[in-house]
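See below for the structure under consideration.
Protein chains: 4
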Amino acid sequence: MESPRIGRTVWAVAEGYIPSQGSGGGRALESHETVCLLNAGPREAHVDLTLFFADRDPAGPYRVTVAAQRTLHLRFNDLGDPEPVPRDRDYSSVIVSDEPIVVQHTRLDSRQSALALLSTVAYSQD
Amino acid sequence: MESPRIGRTVWAVAEGYIPSQGSGGGRALESHETVCLLNAGPREAHVDLTLFFADRDPAGPYRVTVAAQRTLHLRFNDLGDPEPVPRDRDYSSVIVSDEPIVVQHTRLDSRQSALALLSTVAYSQD
Amino acid sequence: MESPRIGRTVWAVAEGYIPSQGSGGGRALESHETVCLLNAGPREAHVDLTLFFADRDPAGPYRVTVAAQRTLHLRFNDLGDPEPVPRDRDYSSVIVSDEPIVVQHTRLDSRQSALALLSTVAYSQD
Amino acid sequence: MESPRIGRTVWAVAEGYIPSQGSGGGRALESHETVCLLNAGPREAHVDLTLFFADRDPAGPYRVTVAAQRTLHLRFNDLGDPEPVPRDRDYSSVIVSDEPIVVQHTRLDSRQSALALLSTVAYSQD
Numbered sequence: 001m002e003s004p005r006i007g008r009t010v011w012a013v014a015e016g017y018i019p020s021q022g023s024g025g026g027r028a029l030e031s032h033e034t035v036c037l038l039n040a041g042p043r044e045a046h047v048d049l050t051l052f053f054a055d056r057d058p059a060g061p062y063r064v065t066v067a068a069q070r071t072l073h074l075r076f077n078d079l080g081d082p083e084p085v086p087r088d089r090d091y092s093s094v095i096v097s098d099e100p101i102v103v104q105h106t107r108l109d110s111r112q113s114a115l116a117l118l119s120t121v122a123y124s125q126d
Numbered sequence: 001m002e003s004p005r006i007g008r009t010v011w012a013v014a015e016g017y018i019p020s021q022g023s024g025g026g027r028a029l030e031s032h033e034t035v036c037l038l039n040a041g042p043r044e045a046h047v048d049l050t051l052f053f054a055d056r057d058p059a060g061p062y063r064v065t066v067a068a069q070r071t072l073h074l075r076f077n078d079l080g081d082p083e084p085v086p087r088d089r090d091y092s093s094v095i096v097s098d099e100p101i102v103v104q105h106t107r108l109d110s111r112q113s114a115l116a117l118l119s120t121v122a123y124s125q126d
Numbered sequence: 001m002e003s004p005r006i007g008r009t010v011w012a013v014a015e016g017y018i019p020s021q022g023s024g025g026g027r028a029l030e031s032h033e034t035v036c037l038l039n040a041g042p043r044e045a046h047v048d049l050t051l052f053f054a055d056r057d058p059a060g061p062y063r064v065t066v067a068a069q070r071t072l073h074l075r076f077n078d079l080g081d082p083e084p085v086p087r088d089r090d091y092s093s094v095i096v097s098d099e100p101i102v103v104q105h106t107r108l109d110s111r112q113s114a115l116a117l118l119s120t121v122a123y124s125q126d
Numbered sequence: 001m002e003s004p005r006i007g008r009t010v011w012a013v014a015e016g017y018i019p020s021q022g023s024g025g026g027r028a029l030e031s032h033e034t035v036c037l038l039n040a041g042p043r044e045a046h047v048d049l050t051l052f053f054a055d056r057d058p059a060g061p062y063r064v065t066v067a068a069q070r071t072l073h074l075r076f077n078d079l080g081d082p083e084p085v086p087r088d089r090d091y092s093s094v095i096v097s098d099e100p101i102v103v104q105h106t107r108l109d110s111r112q113s114a115l116a117l118l119s120t121v122a123y124s125q126d
């Protein structure tokens, strides 16, 4: 079986919320949100993220590159350019790539004594 | 890259259940269900929600507006017009918009000593 | 806005596992798996569920009816005809309806001191 | 109702992470990731998995067979040929089958005192 061309170029995640608090335990267990970006194809993907909020104009674009045949699990917590992502505030994200990619959204919430997880494949279209 | 037209106009969430109990901790940590509505487009979206139950006629429509380029994380707990959403009772929801939107459904369940989360992109069609 | 015809007629849930243990707390908090079946349409839906296992022939069909404009959150734990669903055993399910429906799959796992949840919209086609 | 031909032949899971730690409790409760592969059709499915990483070339293919009308809940933890899956490291997976299948991705995280779960239907195309 030949490796197929996998994914789409436009993705959206309507959920988004980073709790400012966590139960400690270092980077692995701090409360965070991630978009996992899979580029299974043969060419580098240039990806623009835009964040949408309830009561202000969108932020971004945040620009990242995903190398050919690589995955990038990008934490929203780590974004800083053009501005950091506010904590304890609702947001959504739109992801546009110049190559087909696959996007999944995950949150780890460690505000309480045992962590909680959510995850879903994102909404996609071409 | 130009911002694409993102989303669909008809969405459905088959799961729905708001526990009446929670472990306290204020609004952020009370048991709740949310539909996240992302309107990434240039025009205001007028959205109708209808709730379906096991043993009675549907409730609604609940009417909300999502401004252009904004997100609305709407808690079912907060709905009141035309009627509140009953607790401890199974329901489903259908969301219809006059502009393309993206919908994701999340529950935070804090009945026990550590919260639990679930989330999924909703079912969509045009 | 007119109520649209919502859903599809063929659905599949590849995940399936009911833990035999739970932390108590009654029916609401026992470990369980559910398929939420939303029939937003104007006609009764006749739904057949078939369960697939790792090492034996499929079980079913299990037959349920979802009334027009109603939702049915069906626990796999409660299925008994033609046979109960085994605990602590991997399975998958296929759901076929004669009317369009929307299907979401949820598990509540209460084996440990705080419950965990997972949920996803099912795979669908026509 | 006749059993329909269900599923697709190309699937991708962008999320992937196996914590090296767990709270004990045996195989059922150790931290793990699973792809659930449902083959509801009448012929054996030959499935190739390829894993993608952040900073090295892909691993695989891992080859598994899913018998006709059977499900296989495959733990990434158990993969060994051509190489084991590293712990505490981001990855993604692509699943290609010669017969239509349905794929769902689940993680059980038992690093803390109560387990957490996530699950989503995978991204699919033909």
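Protein chains in written order, with this note's numbering: chain C, 1 to 126; chain G, 1 to 126; chain A, 1 to 126; chain D, 1 to 126.
For every residue, glycine included, the Cβ atom is placed at its ideal position computed from N, Cα and C.
With its beta carbon at least 8 Å from every one in chain G, A:T9 lies outside the interface. Within the same chain, and ignoring the five residues on either side of G:A14 in sequence, the residues whose Cβ sits closer than 8 Å to its Cβ are S92, Y123. Counted as a single uninterrupted DSSP element, the beta strand (DSSP E) harbouring D:R8 occupies residues 8 to 13.
Here DSSP, grouped into helix, strand and coil, assigns C:L72 to strand.
Between the alpha carbons of D:T9 and D:A68 lies a gap of roughly 15 Å. Following the DSSP letters along the chain, one finds G:R5 in no beta strand (DSSP E), marked with neither H nor E. C:F52 sits close to G:L38, with the two beta carbons spaced by under 8 Å. Taking 8 Å as the upper bound for CB-CB distance, D:S20 and D:D88 are in contact here, some 5 Å apart.
When DSSP assignments are scanned along the region 52 to 115 of chain C, the uninterrupted stretches of beta strand (DSSP E) that are 3 or more residues long and fall wholly within it turn out to be 59 to 66, 70 to 75, 91 to 109. DSSP, reduced to helix, strand and coil, places C:A45 within a strand of the structure shown. Contact check for A:L72 against A:V64 passes: the beta carbons are separated by less than 8 Å.
Counting only residues of its own chain and dropping the five nearest sequence neighbours on each side, D:V121 has a CB closer than 6 Å to the CB of Q104. Pairing G:L74 with G:P61 gives a Cβ-Cβ distance that is not under 8 Å. Neighbours of C:F52 in chain G, taken as residues whose beta carbon is under 9 Å from its own, are L38, N39, A40, Q69, R70, T71 in chain order. Distance from C:L29 to G:L117 at the Cβ level is roughly 15 Å; contact not present, criterion being Cβ atoms closer than 8 Å.
Look at C:T65: its C-beta is not under 8 Å from any C-beta on chain D. Taking a Cβ-Cβ threshold of 8 Å, none of the residues of chain D is close to G:A122; the smallest such distance is about 12 Å. Burial state of D:E33 is buried, judged by a 10 Å Cβ sphere holding 16 or more other Cβ atoms. Nearest C-alpha to C:A45 among C:Q125, C:A59, C:V96: C:V96. Using a Cβ-Cβ cut-off of 7 Å, D:A114 is close to A114 of chain G, given in chain order. With its beta carbon at least 8 Å from every one in chain G, A:Q21 lies outside the interface. Contact of A:S31 with chain D is not assigned, every C-beta pair being separated by 8 Å or more. The beta carbon of C:R56 is closer than 7 Å to none in its chain, skipping five residues each way along the sequence. Residues R8, T9, V10 of the same chain have their beta carbon placed closer than 7 Å to that of A:D126, with the five preceding and five following residues left out of the count. Within the DSSP bridge table, the entry for A:S124 names A:W11 as partners. Taking the beta carbon of D:I18 as reference, no residue of chain A falls within 7 Å; the closest one sits roughly 17 Å away. Using beta-carbon distances, A:I6 counts as an interface residue toward chain G, with a partner under 8 Å. At least one CB of chain A lies nearer than 8 Å to the CB of D:V103. With respect to chain C, the C-beta atom of D:L49 has no partner C-beta closer than 8 Å.
Judged by their CB atoms, D:G26 and D:P100 are not nearer to each other than the 8 Å cut-off. Between D:G22 and D:D90 the beta-carbon gap is near 19 Å, outside 8 Å, which marks them as no contact. Distance from the CA atom of D:V66 to the CA atom of D:G80, rounded to whole angstroms, is 18 Å. Take C:A54, set aside five residues on each side of it, and the residues of its chain with a beta-carbon closer than 7 Å to its own are D90, in chain order. Between D:S119 and chain A, the shortest Cβ-Cβ separation is below 8 Å. The C-beta of C:D109 has 16 or more other C-beta atoms within 10 Å across all chains shown, which makes the residue buried.
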